[in-house]
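Peer 1: Per the working numbering, the sequence shown starts with residue 12, numbered consecutively. For every residue, glycine included, the Cβ atom is placed at its ideal position computed from N, Cα and C. The model shown is predicted, which means the values in this text are computed figures rather than measured ones.
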Amino acid sequence: MIRLLLNLMEQIDAPPEQYERLGLPQPSDATDDAIAAATVLDTEAGAQMRAENGRGGVVDMVQRSKWIDGLNKYKAAQAMAKRGSAPKL
């Protein structure tokens, strides 16, 4: 899954800061070992993250709301494009 994400990020020319923020190696450095080092599943760090963030919270609700709003705008723009009218983004 991480390799797929790295491939997509490389295709869209994601800036180096994006890889750093996500804790992922740059595509040129994405060896199996580097990807394994970026994975926290089944580690102490992963267990701590699940304990702190696993139940969700206010920030999660706000982010989810923003994501849903963006998705709805995208769907509306797609529907308008099918009808031939230009969306106002």
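Please state the DSSP three-state secondary structure of Gln37.
Peer 2: Here the question's residue 37 lines up with position 26 in the sequence shown. The answer is coil: DSSP assigns Gln37 none of H, G, I, E or B.
Peer 1: CB-CB under 6 Å to Ile13, same chain, minus the five flanking residues each way: which ones, in chain order?
Peer 2: In the sequence shown, the residue the question calls residue 13 occupies position 2. Result list for Ile13: Ile46, in chain order.
Peer 1: Using 8 Å for Cβ pairs, my map puts Pro36 next to Ala49. What's the rounded Cβ distance?
Peer 2: Within the sequence shown, numbered from 1, the residue matching residue 36 stands at position 25. Within the sequence shown, numbered from 1, the residue matching residue 49 stands at position 38. Confirmed, about 6 Å.
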